[in-house]
Amino acid sequence: MAGKIGVYFDMQNIGGGLDIEALASQTREKWGELVQVVKVCPVLACTVDEIKADIASRQLDGVLLCGASPRAEADVYRLPVQVEYVNLREQCVLSYKNPDGSPPDFAAGPPEALSIMARDYVNMGVVKLQKSENPDSAAVSGVERILVIGGGWTGLTAAAEAAATGCEVVLLEKADTLGGAARNIPMASPLAPFWTDKQPTNLSEKISAVTGNSKITVYLNARMEKLQGQPGEFKAGIITSDGTVNVDVGAVVLATGWTPLDEKYLAPMGLGRGPNVLDAAQFGKMLVAGNITASRIAFVLDITMAEEAAREAAGAMADKADAESGEGADKFVKEDLENIRHLAYSNAVNSVAALRLADTVCDKTNDAAQVFILYKDMTVPGILERFYKRMQDRPGIMMTKADVTEIRESGDNMLVVCKNTLLGMDFDLEVDLVVLPTGMVPITAKDVVVQFDYRQGPDFPDLQLFDGFADSNYICFPYETRRTGVYAAGCVRQPMTMDGCEEDAKGAVLKAVQCIASASRGIAVHPRSGDASYPVFNFVRCTQCKRCTEECPFGALDDDEKGTPKPNPARCRRCGTCFGACPERVVSFADYNIDQIGSMIREVVVPKDFKKEGPRILILACENDAYPALDMAGMRHRAWNPFVRIIPVRCLGSVNAIWVSDAMSKGFDGVMLLGCKYGDDYQCHFVKGSEICARRKENIAETLNRLGVQPERVEQLEVAIDEYDRVPDLIDGFVGRIIAMGPNPFKGM
Amino acid sequence: MAQCILKPDLQFAQELRESGGENLKKCFQCATCSVACPLAPANAPYPRKEMVWASWGLRDKLRGDTDLWLCHNCGNCSDLCPRGARPADVMAAARTIIYKELTSPSIVGKWMSRASGLPVLFLIPTVLWLVVWWIRAGYNNGNWFPRAADGRIVFGQIFYGDYTIDPIFMLTFFGACFILYCGVRKLWDMFRPQGKLLVIGKKKSWFCHLIDVLMEEVVTHRKFDDCEDGPITGKAPSNRKWGHAVLVWSFAILAFVTAVVALGHWGGKIIPVIEIHTPMPLTFPVKILANIGALMLFCGLAVLTARRVSLDSANHGSSFYDWYLLGIIWLVAATGMLSQCFRLADAVKPAFVVYYFHLVFVWMLFAYLPWSKLGHLVYRTAALVYVRMYGRS
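Chain order of the listed sequences is A and B.
With my numbering applied, the first sequence covers 2 to 750.
With my numbering applied, the second sequence covers 1133 to 1525.
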């Protein structure tokens, strides 16, 4: 609880639209003793030393900086006490327009509605700081040992990299030798600059570097029994041929790779029918062994035939499944997620593989062979474009986009029927051998690999969203899974070429190292990197309803038999979904809690006269995307209605229904929940937050309905970070609907 | 349903690469070239499709492709190609191979296709005219550099028109014409698709189309304007149209002069009034016209040579065919002009030697025309006539 607050106004950033002196004296009058210092600074950034002096001389324990958005200059104000910001620039002055929608005339003095808004925001800032305190440390021991699951190309790279950072490594491989799928690929697509030529993998050297490293312990023929605890102090049970071994590890790198898609999926394209049709993996092995004599080879990357057959089969299956459905199981059953889509996902890897294998064929025959690559999409990732260019230049390699509609035998040869080709005609291609792509199925699609000993079950959640790939948000946070401290790398995350796997392994190891360091400091790894707060449970009031343990998107909460939550702060990502869920409001963060936001809401002055002084509308805006979008809109002078008050929240998942009731009882006319897109293609940083919020909103609407308040007064809207041009219209549209509805019936009660 | 079975011929692709299309495999089928080409028709434009046919070695597709001949080789496509595949050079290489294969005896085409064949090509007329010189020197009392009775230098004393130059050149000329005629017949057969070709609408005879092509395209060089109206390539506009047009017109003038002189000479034997004596005085109208033609020849050549020298080698290559043609015309023009100068300067030995080489080069120009790049004079015209007959232009 901040008891002595210093309030500083930044004239440089606020500009001339507001009477800052008036605002300062208002603040002084209203808060009295609580606010020890109120200063108007010409340039706040030059006043840092003065603020530090004030902190020392006046024993301030909180500083409120009124000026630019907290996103703008936060790095300037590294102060020894709590710092809070009031966003008077982007979301107040810059985004201000008159209630009637006309642009403000600042020459005629500060507009009234703007002054009222600024006053509200400053007061909200003061109360926010008042109800906030520095969290106690949640640091754990932080064991500097990394468990790498999978001893293939990615796992070996990860183990070596992790050892190079100084960590100890435990490498776990289910087979009896290291190397995995890489054992069948002596020559890989380019692994290093200049990315034009295939390269020997030198796998045996990589293996001996790992086995010869004293920091690395290798367990062969091993699998996970369970993973307990939390990042920094995981306890891993490993089943080996000599019994179970227990190891303490700080973090986990998941590099279990892939397994080839079942042959049945490629049977419609002729696989398995004769020796003249192979898949890329088989062909690669035979080529290495010198068993390929064909001089005309067609690589068919167009998989439409297989996809159509699978679609038909799925249709037939669905009819059957309908008849069988209805059985429910309490016990966790792993669903096999292998399916035809894995073939399409693997297209980039197969494109590169086709080029690499074609190159090898040309090498072996001194360019006397004819190799055809028939593709629907030639997808060559990133810099490997250089390899593609080089291969394109090989005389024997002929490529065209084509719809391959039939592959059949014709005498001793195979006939590939091609339509819609770049050659401007449909044709048959007579070849000796047809090579089909290999579907890469992540091991996590078929097996429970990690065996989490977590309340939410032994497997990663929502794997079906990604057809089994262990990935939660690959654009924003690659490597990150839905289980903090476990980082996926390589083909278990996404089909990728071997150079990609190496890069991935390094990235995941860096994440693991960062995770251990963060756990040992008691701070969040991501997305709220460095956040020292964590949820604190007031168990006295807990009713063991299990909502928090079930809703936590990251499985951070375990529980005992009675259902009392057992927090694991190092697993927590600090989104606040738990306290949004809690009907008893027993969960809070030191610097973010129910009472704090409720008090901020109550701090807004809601006028009684709706017609004359306008409505008041609360916006709870997601800090991650919606809030920056609002900032950007402000910076571009995209104004919105001045009757809204914006409160940033960590995630819409942290919105507790009580805030909405607080607002409605206070007399607010509407509440807008502004957050990220949800659903299968969600953009939520915390994966589930906006989705959970949407679900809770239904309950809120029901409650409002019972109370005789139109449920439409609460609305959740989705916005992406780059949609700053749309946000003002969203707000104005909502305000328009509220004005049409008239005042909140509870107003003034 | 049975479709055609494709038979890629990598040997053919290799030949194309050797004939100037060495970058053809770089093409990744983006079709920038087809969009860039100001001449390509909207329906199945070129040269994108020719590029993939070339890289797959589809000989028959390229042989039957009239579009190869619609291309006027402005190089916009090569300038704009994002991969440096040089479509213009590939098209030129394909035409070159077709000259070579179309025209028999094909051994000449083989000599013509690379610099190493040049000595043979050169040796044939050298020996031919040396023999003529030797024989005629015998008639001049063994004097290889005789003067006329009045002391002037008269080339006719050695290279006597009636018995040496005229029969040899007439034979060469009509022989070339015959070879070209056979070539054009073959070319049209290659263009003709399998099955029956039905032309709907008003038909004109090939001769009317030929006149149209000559009047609308060859004389005016209209297509060259279209080329220059193409997309902005960032390259300074060349004087290609004027260089080429002046060259073509000078050829026309020199052909006309030759025809007049031949008519005057042979016709004069029957109707004495129109008799023309060579060498003609410098002020004689036909002589004036001849020298104007020669000057234009130099101008056109200079422009085209300068252009070819300054071509951006990153996007354009010049093959042996290109240099052979420019070189041979330069040599014809230079030896022609020089021999006249030496004659007027009364330098008897240089005059005869240079004139001898002039004859060698002129013979090379005409005799090898069907296999050389100059063949486009006939083959492209024939192709343009064909496409007009069947409605793709």
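We treat Cβ as the ideally placed atom computed from N, Cα and C, and that holds for glycine.
Quiz item: Quick one: what's got a C-beta closer than 6 Å to Y488 (chain A)'s C-beta in the same chain, skipping five residues either side?
Solution: For the purposes of this step, residue 488 (chain A) is identified with residue 487 of the first sequence, where counting begins at 1. Only residues of its own chain outside the window of five on either side were considered, and among them V254, Y480, A509, K512, A513 have a CB closer than 6 Å to the CB of Y488 (chain A), listed in chain order.
Quiz item: Between I647 (chain A) and the rest of its own chain, which residues show a CB-CB distance below 7 Å, the 5 nearest in sequence each way excluded?
Solution: Locating residue 647 (chain A) in the first sequence gives position 646, where the first residue counts as 1. Result list for I647 (chain A): Q92, I620, A622, L631, in chain order.
Quiz prompt | Nearest-angstrom Cα separation, counted from A446 (chain A) out to E336 (chain A) | solution = Here residue 336 (chain A) refers to the residue found at position 335 when the first sequence is read from its first residue. Here residue 446 (chain A) refers to the residue found at position 445 when the first sequence is read from its first residue. Spanning the two alpha carbons is a distance of roughly 8 Å.
Quiz prompt | Distance between F1493 (chain B) and L1539 (chain B) (C-alpha atoms, nearest Å) | solution = Given that chain B is displayed from residue 1133 to residue 1525, the structure contains no residue 1539 (chain B) and the question cannot be resolved.
Quiz item: Since R1372 (chain B) is in the alpha helix (DSSP H), which residue starts that stretch and which ends it?
Solution: Within the second sequence, numbered from 1, the residue matching residue 1372 (chain B) stands at position 240. 1372-1394 is the extent of the alpha helix (DSSP H) around R1372 (chain B).
Quiz prompt | D429 (chain A) versus L416 (chain A): straight-line alpha-carbon distance, rounded | solution = In the first sequence, the residue the question calls residue 429 (chain A) occupies position 428. In the first sequence, the residue the question calls residue 416 (chain A) occupies position 415. Between D429 (chain A) and L416 (chain A), the C-alpha separation is close to 6 Å.
Quiz item: Does any C-beta atom of chain B lie closer than 8 Å to the C-beta of T401 (chain A)?
Solution: If you number the first sequence from 1, residue 401 (chain A) lands on position 400. By this cut-off, T401 (chain A) is an interface position.
Quiz item: M1133 (chain B) to E410 (chain A), Cα distance in whole Å?
Solution: Locating residue 1133 (chain B) in the second sequence gives position 1, where the first residue counts as 1. Locating residue 410 (chain A) in the first sequence gives position 409, where the first residue counts as 1. Residue confidence for M1133 (chain B) is low, a pLDDT of 47 falling below 50, so the modelled location carries little weight; the figure read from the coordinates is stated next. When rounded, the distance between both Cα atoms is 14 Å.
Quiz item: Pick from B:N1447, B:S1451, B:L1386: whose alpha carbon is nearest that of L1429 (chain B)?
Solution: Numbered from its first residue, the second sequence carries residue 1429 (chain B) at position 297. When each option's Cα is compared against that of L1429 (chain B), the closest is B:L1386.
Quiz prompt | Start-end ranges of the alpha helix (DSSP H) lying completely within the region 19-52 of chain A, minimum 4 residues | solution = List check, alpha helix (DSSP H) in window: 21-32.
Quiz item: Cα separation between S534 (chain A) and G110 (chain A)?
Solution: Here residue 534 (chain A) refers to the residue found at position 533 of the first sequence. Here residue 110 (chain A) refers to the residue found at position 109 of the first sequence. Cα-Cα distance, rounded: 42 Å.
Self-check item: Short-range partners of chain A found in the region 1138-1159 of chain B, where Cβ spacing is below 9 Å
Solution: From the region 1138-1159 of chain B, only L1138, K1139, P1140, L1142, A1145, Q1146, R1149, N1155, K1157, K1158, C1159 have a Cβ closer than 9 Å to chain A.
Quiz item: Can you name the residues that DSSP bridges to N247 (chain A)?
Solution: Counting from 1 along the first sequence, the entry for residue 247 (chain A) is found at position 246. A:G238, per the DSSP bridge assignment.
Quiz prompt | Inter-residue Cα distance where the pair is L1516 (chain B) and D427 (chain A) | solution = Position 384 of the second sequence holds residue 1516 (chain B). Position 426 of the first sequence holds residue 427 (chain A). Each residue's Cα considered, the two are about 28 Å apart.
Quiz item: Just the Cα atoms here: how many angstroms apart are N594 (chain A) and K207 (chain A)?
Solution: Walking along the first sequence from the start, residue 594 (chain A) turns up at place 593. Walking along the first sequence from the start, residue 207 (chain A) turns up at place 206. Computed Cα separation, rounded: 51 Å.
Self-check item: Own chain partners of D628 (chain A) with C-beta closer than 6 Å, once the 5 adjacent residues on each side are dropped
Solution: Looking up residue 628 (chain A) in the first sequence gives position 627. The residue you asked about is not Asp; residue 628 (chain A) is Tyr in the sequence shown. Correct list, in chain order: A622, P649.
Quiz item: Within this structure, are the beta carbons of V1 (chain A) and L179 (chain A) separated by less than 8 Å?
Solution: As displayed, chain A neither begins before 2 nor continues past 750, which places residue 1 (chain A) out of reach and without an answer.
Quiz item: Measuring CB to CB, does K1336 (chain B) end up less than 8 Å from H1204 (chain B)?
Solution: Start at 1 with the first residue of the second sequence, and residue 1336 (chain B) comes out as number 204. Start at 1 with the first residue of the second sequence, and residue 1204 (chain B) comes out as number 72. At least 8 Å separates the beta-carbon of K1336 (chain B) from that of H1204 (chain B).
Practice problem: Measure the CB-CB distance between T1235 (chain B) and S1451 (chain B) and report whether it falls below 8 Å. | Solution: To locate residue 1235 (chain B), count along the second sequence from 1; it is residue 103. To locate residue 1451 (chain B), count along the second sequence from 1; it is residue 319. No, the pair does not count as a contact, with Cβ atoms beyond the cut-off.
Practice problem: Examine chain B for any beta-carbon lying closer than 8 Å to the beta-carbon of F428 (chain A), and answer yes or no. | Solution: Here residue 428 (chain A) refers to the residue found at position 427 of the first sequence. So, interface residue.
Quiz item: Per DSSP, what kind of secondary structure is Y78 (chain A) in: helix, strand or coil?
Solution: Here residue 78 (chain A) is taken as the residue at index 77 of the first sequence, counted from 1. If DSSP states are grouped into helix, strand and coil, Y78 (chain A) belongs with coil.
Quiz item: Closer than 7 Å: is that where the CB of I1267 (chain B) sits relative to any heavy atom of the ligand ADP?
Solution: In the structure shown, the ligand ADP is absent, as is every other ligand, since no ligand is present at all.
Quiz item: Given that L424 (chain A) touches chain B, what residues does it touch there, using C-beta distances under 9 Å?
Solution: The residue given as residue 424 (chain A) occupies position 423 in the first sequence. Chain B residues near L424 (chain A): L1138, K1181, V1184, W1185, W1188, L1190, K1193.
Self-check item: V1380 (chain B) beta carbon less than 8 Å from that of V1510 (chain B)
Solution: For the purposes of this step, residue 1510 (chain B) is taken as residue 378 along the second sequence, with counting starting at 1. For the purposes of this step, residue 1380 (chain B) is taken as residue 248 along the second sequence, with counting starting at 1. Going by C-beta atoms, V1510 (chain B) is not nearer than 8 Å to V1380 (chain B).
Quiz item: Should Y1271 (chain B) be labelled buried (16 or more other beta-carbon atoms within 10 Å of its own) or exposed?
Solution: In the second sequence, the residue the question calls residue 1271 (chain B) occupies position 139. In the assembly as shown, Y1271 (chain B) is an exposed residue. Its beta-carbon has fewer than 16 other beta-carbons within 10 Å.
Quiz item: Does A1174 (chain B) get closer than 8 Å to chain A when you measure Cβ to Cβ?
Solution: The count along the second sequence starts at 1 and reaches residue 1174 (chain B) at position 42. Answer no: the Cβ-Cβ gap between A1174 (chain B) and chain A never drops below 8 Å.
Quiz item: Taking the C-alpha atoms as reference points, what is the distance between D1294 (chain B) and L1250 (chain B)?
Solution: Sequence index remark: in the second sequence, residue 1294 (chain B) carries index 162 (1-based). Sequence index remark: in the second sequence, residue 1250 (chain B) carries index 118 (1-based). D1294 (chain B) and L1250 (chain B): Cα-Cα distance of roughly 30 Å.
Quiz item: Whole alpha helix (DSSP H) runs in the region 461-540 of chain A with 4 or more residues, listed along the chain?
Solution: Listed in chain order, the complete alpha helix (DSSP H) runs (minimum 4 residues) inside the region 461-540 of chain A are 499-522.
Practice problem: Measuring alpha carbon to alpha carbon, tell me which of A:W154, A:S96, A:A311, A:Q465 ends up nearest D681 (chain A). | Solution: Translated into positions along the first sequence, residue 681 (chain A) becomes position 680. The residue from A:W154, A:S96, A:A311, A:Q465 with its alpha-carbon nearest to that of D681 (chain A) is A:Q465.
Quiz item: If you follow the alpha helix (DSSP H) that E699 (chain A) is part of, which residue opens it and which one closes it?
Solution: For the purposes of this step, residue 699 (chain A) is taken as residue 698 along the first sequence, with counting starting at 1. Per DSSP, the continuous alpha helix (DSSP H) segment holding E699 (chain A) begins and ends at 690-708.
Quiz item: Relative to chain B, which residues along the region 522-538 of chain A have a C-beta separation below 8 Å, given in chain order?
Solution: Answer in chain order: no residues at all.
Quiz item: Near I701 (chain A), what residues of its chain come up, given a Cβ to Cβ distance below 6 Å and the 5 sequence neighbours on each side ignored?
Solution: Locating residue 701 (chain A) in the first sequence gives position 700, counting from the first residue. If you ignore the 5 residues before and after I701 (chain A), its C-beta comes within less than 6 Å of the C-beta of A658, V661, V715, all in its own chain and listed in chain order.
Exercise. Determine the closest residue to V588 (chain A) out of A:L45, A:P608, A:K547, with distance taken between C-alpha atoms.
Key: The residue given as residue 588 (chain A) occupies position 587 in the first sequence. Here the closest residue by C-alpha is A:K547.
Quiz item: In chain order, which beta strand (DSSP E) runs of at least 3 residues are fully inside the region 616-675 of chain A?
Solution: List check, beta strand (DSSP E) in window: 618-623, 645-650.
Quiz item: Skipping 5 residues on each side, what residues in its chain have a beta carbon closer than 7 Å to that of V1389 (chain B)?
Solution: For the purposes of this step, residue 1389 (chain B) is taken as the residue at position 257 of the second sequence. Excluding sequence neighbours, V1389 (chain B) sits near V1418, L1421, A1422, G1425.
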